[in-house]
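Protein chains in written order, with our numbering: chain A, 177 to 374; chain B, 177 to 374; chain C, 177 to 374; chain D, 177 to 374.
We put the beta carbon where it would ideally sit given N, CA and C, even for glycine.
4 protein chains.
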Amino acid sequence: MVTLGKSRIEALSDGVFAIAMTLLVLKLEVPEHQHSNDEMLAQILALRPQFLTYVVTFLIAGGFWFLHHLTFHFIRHVNAFLVWVNLLYLMFVSLLPFSAGLMGHLQKHPVSQLFYFGNMLAIALLLNLHWHYARRKDFIVDTDPEEATRIGYRLGLTAVAFSICMVSAVLSPDYSWVPLWLFVFGFLIERVRRRRRR
Amino acid sequence: MVTLGKSRIEALSDGVFAIAMTLLVLKLEVPEHQHSNDEMLAQILALRPQFLTYVVTFLIAGGFWFLHHLTFHFIRHVNAFLVWVNLLYLMFVSLLPFSAGLMGHLQKHPVSQLFYFGNMLAIALLLNLHWHYARRKDFIVDTDPEEATRIGYRLGLTAVAFSICMVSAVLSPDYSWVPLWLFVFGFLIERVRRRRRR
Amino acid sequence: MVTLGKSRIEALSDGVFAIAMTLLVLKLEVPEHQHSNDEMLAQILALRPQFLTYVVTFLIAGGFWFLHHLTFHFIRHVNAFLVWVNLLYLMFVSLLPFSAGLMGHLQKHPVSQLFYFGNMLAIALLLNLHWHYARRKDFIVDTDPEEATRIGYRLGLTAVAFSICMVSAVLSPDYSWVPLWLFVFGFLIERVRRRRRR
Amino acid sequence: MVTLGKSRIEALSDGVFAIAMTLLVLKLEVPEHQHSNDEMLAQILALRPQFLTYVVTFLIAGGFWFLHHLTFHFIRHVNAFLVWVNLLYLMFVSLLPFSAGLMGHLQKHPVSQLFYFGNMLAIALLLNLHWHYARRKDFIVDTDPEEATRIGYRLGLTAVAFSICMVSAVLSPDYSWVPLWLFVFGFLIERVRRRRRR
Numbered sequence: 177m178v179t180l181g182k183s184r185i186e187a188l189s190d191g192v193f194a195i196a197m198t199l200l201v202l203k204l205e206v207p208e209h210q211h212s213n214d215e216m217l218a219q220i221l222a223l224r225p226q227f228l229t230y231v232v233t234f235l236i237a238g239g240f241w242f243l244h245h246l247t248f249h250f251i252r253h254v255n256a257f258l259v260w261v262n263l264l265y266l267m268f269v270s271l272l273p274f275s276a277g278l279m280g281h282l283q284k285h286p287v288s289q290l291f292y293f294g295n296m297l298a299i300a301l302l303l304n305l306h307w308h309y310a311r312r313k314d315f316i317v318d319t320d321p322e323e324a325t326r327i328g329y330r331l332g333l334t335a336v337a338f339s340i341c342m343v344s345a346v347l348s349p350d351y352s353w354v355p356l357w358l359f360v361f362g363f364l365i366e367r368v369r370r371r372r373r374r
Numbered sequence: 177m178v179t180l181g182k183s184r185i186e187a188l189s190d191g192v193f194a195i196a197m198t199l200l201v202l203k204l205e206v207p208e209h210q211h212s213n214d215e216m217l218a219q220i221l222a223l224r225p226q227f228l229t230y231v232v233t234f235l236i237a238g239g240f241w242f243l244h245h246l247t248f249h250f251i252r253h254v255n256a257f258l259v260w261v262n263l264l265y266l267m268f269v270s271l272l273p274f275s276a277g278l279m280g281h282l283q284k285h286p287v288s289q290l291f292y293f294g295n296m297l298a299i300a301l302l303l304n305l306h307w308h309y310a311r312r313k314d315f316i317v318d319t320d321p322e323e324a325t326r327i328g329y330r331l332g333l334t335a336v337a338f339s340i341c342m343v344s345a346v347l348s349p350d351y352s353w354v355p356l357w358l359f360v361f362g363f364l365i366e367r368v369r370r371r372r373r374r
Numbered sequence: 177m178v179t180l181g182k183s184r185i186e187a188l189s190d191g192v193f194a195i196a197m198t199l200l201v202l203k204l205e206v207p208e209h210q211h212s213n214d215e216m217l218a219q220i221l222a223l224r225p226q227f228l229t230y231v232v233t234f235l236i237a238g239g240f241w242f243l244h245h246l247t248f249h250f251i252r253h254v255n256a257f258l259v260w261v262n263l264l265y266l267m268f269v270s271l272l273p274f275s276a277g278l279m280g281h282l283q284k285h286p287v288s289q290l291f292y293f294g295n296m297l298a299i300a301l302l303l304n305l306h307w308h309y310a311r312r313k314d315f316i317v318d319t320d321p322e323e324a325t326r327i328g329y330r331l332g333l334t335a336v337a338f339s340i341c342m343v344s345a346v347l348s349p350d351y352s353w354v355p356l357w358l359f360v361f362g363f364l365i366e367r368v369r370r371r372r373r374r
Numbered sequence: 177m178v179t180l181g182k183s184r185i186e187a188l189s190d191g192v193f194a195i196a197m198t199l200l201v202l203k204l205e206v207p208e209h210q211h212s213n214d215e216m217l218a219q220i221l222a223l224r225p226q227f228l229t230y231v232v233t234f235l236i237a238g239g240f241w242f243l244h245h246l247t248f249h250f251i252r253h254v255n256a257f258l259v260w261v262n263l264l265y266l267m268f269v270s271l272l273p274f275s276a277g278l279m280g281h282l283q284k285h286p287v288s289q290l291f292y293f294g295n296m297l298a299i300a301l302l303l304n305l306h307w308h309y310a311r312r313k314d315f316i317v318d319t320d321p322e323e324a325t326r327i328g329y330r331l332g333l334t335a336v337a338f339s340i341c342m343v344s345a346v347l348s349p350d351y352s353w354v355p356l357w358l359f360v361f362g363f364l365i366e367r368v369r370r371r372r373r374r
């Protein structure tokens, strides 16, 4: 079977990420007509949920890009199966502007939250599949198995966090984001502790 | 005549593919106003044909990107003629969001199906032309002529599949997708069989 | 003064070209509502001027990308001045979807033609400036001065062709494209003749 | 801690810049319907503030891209912290089409000016943070500390210029751009003088 270089799949991925992340801005609609200064301020302030969604989605997407970057840092080459997993992964990344649009307009609805977190979960699961397949097929550059295990662990936690978000979106949509913040917070604390230990 | 490196044509191609694939999402319109939860669910479910078109078009485009990747893996360098074939190829790739928009809104019309499959066929034919010209001009890295023949064969089948889709779009628009599924299915079976043989 | 590598300016350029070329498709509006088959065919046929503009603009942009590629093939490195010429160049490339939109809707108006050809002329002139500055500053890889001269000559002709188009847009807007076709035609003939001579 | 190569963060950045800069053109709306020639000219002339905003924003964004390019020219590799600073930086870059949209429609309002210059200031500050962190962590290729200091100085001035713009947007919105022009002008003079001295 042909093993392909990874540079072009990286280029396509970087492109899709860059575009999906930049298209998020199109969900922020510019107040169109001439207004008084106060009216305009009010209009911009009314966009707060959309701004919040923009920032959060951009950063989550950035996090997925970073994890993608990190895993490919250790992957030597790919095969057809990995390319297709990657394409599915990118399909869900490129769906983000739609999910963010739902979330921005209708933040408190379980339906939009389920769609949004479901999109994130699909991305996370495909990244897990990608990584574990690559490890089992021995496509990983053999440096530091401990690091590889730590990445697998981190990818798994990401999927868990978004699963819990989905559950809490059904149970109490007002607090569905809380598990995500706890996850991020725990990660930062863990990171600081690990650095101190060294 | 100047022979050019292939890295920049690859970069432009990856860019056009990434954008065309990500612009597909703009055809999914976010329900705009505040609704009840049920109403919103109904609206999202009403987008089913667009979602289906999104997924299928993304994957077909991903497949064409993969074939492009695969052929360029074996191409050493390009000349002016190949650059222009490539640009025409990208012109049809970048038309995909339009064709997908037609398909998403008007799935059962022969006109939109002919346009959609015609777009795919044009991409497939230009990729065939690209490959056969490169082989005849000896621009291919000389590894494994059997592999090269297999790629040519696969590209040809892609063109055949979309031609049959066009014919069936005229004859029975309700089943025009069937030839494509048969083709994909056949390809997967062939693949599994070939792997077992080894 | 710092001399910079050329890879990132190439990456930015490829990105801007890919996006500008792909955004052209957004000027093709998908007929939105459910129609009879005949009505839909009529609507698509009514888009003919937009399709024509799409194809022609995509190919002209592709041609400029190719010339950019060709000149950078011979440029060793860049300095701050060249980066800024390049950014201005990209500014006009990224204006293409707007100019194409004008042209697509209002093909026979001298105003839209002047805008469109003026956009093309600006791109051509900046590419000329770029090339001649790079040659004078000795940023060119020293292979084959004859080839370098031929490129300069070709770039000059491009600017001339679009200047003539602008003049003819004022004099007789119905035939303003003719000089461009003559130019392309002459170029192809010249090419065939040069190949025969060898 | 893992140190990552810089090529992919450069690729993502080039992508985001290319898209944000090209999306600016979508704020220029094409006059849609068939008009007389004079009417059309009037409509295009009425777009003057948007054109001005397009050109200025494209060039400022180009300047930030150039500074990003310049700093990365000297950065050897990155770590997780720098990646996140970069992602925040790109988040504000990708917000530019929105800010430019505000500015284009409502140029004389303090609110839109504060938003616009605030966006620019955020980009400038994050670039300063990026550079100084990279220097302190010794991620810089050790060539010419004087050059490194000069870049730090230039980045600092950029932040100062946009801060002054914000102040003047509140005090006298009609002249809020003046500090920026003075800054650019001063920079060009400084440059010419430095070249003469050598």
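Candidates the options, of which the one nearest residue i by Cα
| i | options | result |
| --- | --- | --- |
| residue 311 of chain B | B/250, B/242 and B/184 | B/250 |
| residue 245 of chain B | B/368, B/186 and B/364 | B/186 |
| residue 342 of chain C | C/233, C/260 and C/356 | C/356 |
| residue 239 of chain D | D/274, D/284, D/190 and D/346 | D/190 |
| residue 269 of chain B | B/295, B/338 and B/333 | B/295 |
| residue 276 of chain A | A/199, A/360, A/337 and A/372 | A/199 |
| residue 232 of chain A | A/217, A/201, A/180 and A/323 | A/201 |
Classification of residue i by the beta-carbon crowding that lies within 10 angstroms, buried from 16 upward
| i | result |
| --- | --- |
| residue 177 of chain D | The predicted model places residue 177 of chain D with a pLDDT of 49, which falls under 50 and marks its position as unreliable, so this point remains unresolved. |
| residue 224 of chain C | exposed |
| residue 350 of chain B | exposed |
| residue 325 of chain A | exposed |
| residue 348 of chain B | exposed |
| residue 370 of chain A | exposed |
| residue 184 of chain A | buried |
| residue 417 of chain A | Not covered by the structure: residue 417 of chain A. The range shown for chain A is 177 to 374. |
| residue 321 of chain C | exposed |
| residue 222 of chain A | exposed |
| residue 272 of chain A | buried |
| residue 192 of chain D | buried |
is_contact[residue i, chain A] using C-beta, thresh 8 Å
| i | result |
| --- | --- |
| residue 356 of chain D | no |
| residue 310 of chain D | no |
| residue 220 of chain B | yes |
| residue 235 of chain B | yes |
Proximity of residue i and residue j at Cβ, strictly below 8 Å
| i | j | result |
| --- | --- | --- |
| residue 267 of chain C | residue 237 of chain C | no |
| residue 188 of chain C | residue 241 of chain D | yes |
| residue 316 of chain A | residue 252 of chain A | yes |
| residue 265 of chain B | residue 299 of chain B | yes |
| residue 255 of chain C | residue 287 of chain B | no |
| residue 206 of chain D | residue 278 of chain C | yes |
| residue 203 of chain D | residue 226 of chain D | yes |
| residue 309 of chain A | residue 258 of chain A | yes |
| residue 248 of chain A | residue 313 of chain A | no |
| residue 304 of chain B | residue 331 of chain B | yes |
| residue 335 of chain A | residue 290 of chain A | no |
| residue 261 of chain D | residue 301 of chain D | no |
| residue 432 of chain A | residue 297 of chain A | The question about residue 432 of chain A has no answer here: the residues shown for chain A are numbered 177 through 374. |
Any chain B beta carbon closer than 8 Å to residue i
| i | result |
| --- | --- |
| residue 224 of chain A | no |
| residue 252 of chain A | no |
| residue 365 of chain C | no |
| residue 387 of chain A | Outside the shown range of chain A, which is 177 to 374, sits residue 387 of chain A, and nothing can be said about it. |
Residue i at chain D interface by Cβ criterion, 8 Å
| i | result |
| --- | --- |
| residue 229 of chain A | no |
| residue 322 of chain A | no |
Amino acids of chain E, ordered along the chain, whose beta-carbon sits closer than 7 Å to that of residue i
| i | result |
| --- | --- |
| residue 277 of chain D | The question asks about chain E, but that chain is absent: this structure's protein chains are A, B, C and D. |
Chain C contact for residue i (CB, 8 Å cutoff)
| i | result |
| --- | --- |
| residue 285 of chain B | yes |
| residue 177 of chain D | Any reading at residue 177 of chain D is ruled out, since the residue's pLDDT is 49, under 50, leaving its predicted position unreliable. |
**OP:** Quick one: which residues of the stretch 287 to 305 of chain A get their C-beta closer than 9 Å to a C-beta of chain B? List them in chain order.
**Re:** 287, 288 and 291
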